[in-house]
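Numbering (my numbering), first residue to last: 19 to 86. Using N, Cα and C, we set each Cβ at its ideal position, and we do this for glycine too.
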Amino acid sequence: MTTYITIQGDTFDSISFRLFGTERFAVELMKANPEQLNTVVFGAGVVLTVPEIPAEQSDELPPWKREG
């Protein structure tokens with residue numbers, strides 16, 4: 019796991035989008051940071067744990083981004 023230091027105005031879904039390219043992993047960020055569950059908008063300088071998100075192959079990806 020790595021860490022992420024928030025900037026003023028960050029939210030779990032904006033952080034997920036910035037790190038993973040989708041808001042879909044906001045729940046995983048919340049699970050990794052239970053002490054911040056009541057935070058809606060972060061101030062600057064909050065250190066969050068970033069969980070490992072396994073890369074998944076999807077038919078929605080364009081062919082050049084698919085493995086194999």
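Q. Looking only at its own chain, which residues have a Cβ that is under 8 Å from the Cβ of M61, when we skip the five neighbours before and after it?
A. What sits at residue 61 in the sequence shown is Gly, not Met. Same-chain partners within the cutoff: T24, Q26.
Q. Is the CB-CB distance between Y22 and L66 below 8 Å?
A. yes
Q: Leaving out five residues on either side along the sequence, give the residues of the same chain with a beta carbon under 6 Å from the beta carbon of D28.
A: F60
Q) Between E70, A44, I71, L37, which lies nearest to V58 when the distance is taken from Cα to Cα? A) A44
Q: My understanding is that L37 touches V68, with C-beta atoms under 8 Å, so please give their C-beta distance in whole angstroms.
A: 6 Å
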